[in-house]
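Here's the structure we're looking at; comments come further down.
Numbering (this note's numbering), first residue to last: 250 to 484.
Written out as structure tokens, the structure is:
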């Protein structure tokens, strides 16, 4: 493994970087379909409990992250109602990297939904009605009209969720602890290095990497969204 580690990073640091990218990627991928569904429902539909759903979606933004992590532990932990169902079939997520993805995805979900909802609201309903009058099924209208037009917002929401997942700490460390190689992401590794004498240099390197990755994600999101918006305007 030493041959694959950048010379300016130690093995533990590189492991935390790789794990963070893995956790953030899957947090984004798994939450995106749910984010699209919830955002579309909030943007287009009127139904009982809509305001309650909107409040629940945004609850992680205002709750202390530790509270969110503790609630996940109560639900998905070894003795939680969901955890007891998942454990016998080998799908336990507590104290595993999959649990870190779950916690990070939940914390980034409100940011994703806000971006997606705004994007769906900007799509002209008349275009959807026109496609429907031509005989298109509602699902096909969504897939061929609504979603392509909202794609810049989808990209922006996905990247926001990815960036949030990269920096998530409180909910993750409460739910899955800080296990090197399994659940120790960048923020957890920075915290761990700051607790030991001589660990400041490692912590600083990881801080710089966190900043670079976050900025890169935002720049890529902005560039892709603008290019896609230009193509849609000229289509």
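For glycine and all other residues, C-beta sits at the position ideal for the given N, C-alpha and C.
Return the residue from the list the options that minimises the CA-CA distance to residue i.
i	options	result
residue 435	316, 277 and 456	456
residue 257	356, 473, 450 and 307	450
residue 474	300, 418 and 407	407
residue 465	270, 334, 422 and 260	270
residue 348	308, 363, 278 and 422	422
residue 414	276, 469 and 425	276
residue 359	302, 437 and 261	302
residue 356	341, 381, 379 and 279	279
residue 405	260, 467, 274 and 317	467
residue 463	274, 317 and 392	274
residue 392	282, 425, 304 and 441	282
residue 319	398, 351 and 471	351
What separation, rounded to the nearest whole angstrom, lies between the Cα atoms of residue i and residue j?
i	j	result
residue 410	residue 361	6 Å
residue 252	residue 365	Here the model assigns residue 252 a pLDDT of 49, short of 50, so the residue's position is not dependable and the matter cannot be decided.
residue 493	residue 439	Because the chain spans 250 through 484 in this model, residue 493 falls outside it and cannot be assessed.
residue 293	residue 452	45 Å
residue 372	residue 265	40 Å
residue 343	residue 374	43 Å
residue 327	residue 354	20 Å
residue 476	residue 333	47 Å
residue 288	residue 346	27 Å
residue 310	residue 299	18 Å
residue 325	residue 448	33 Å
residue 427	residue 420	11 Å
residue 330	residue 296	29 Å
residue 400	residue 368	8 Å
residue 431	residue 363	31 Å
residue 323	residue 445	30 Å
residue 314	residue 381	43 Å
residue 378	residue 291	18 Å
residue 412	residue 338	31 Å
residue 341	residue 321	12 Å
residue 469	residue 403	13 Å
residue 429	residue 284	30 Å
residue 519	residue 479	The displayed coordinates of the chain run from 250 to 484. Any statement about residue 519 would go beyond what the structure contains.
Measure from the C-beta of residue i to each C-beta in chain C and report whether the shortest distance is under 7 Å.
i	result
residue 458	Chain labels in this structure do not include chain C; a single protein chain is all it has.
(request) Determine contact between the segment 449-464 and the segment 385-405, defined as no fewer than three beta-carbon pairs at a distance below 8 Å. (result) no
(request) Taking only runs that begin and end inside the segment 299-366, name each unbroken beta strand (DSSP E) of 3 or more residues, in chain order. (result) none
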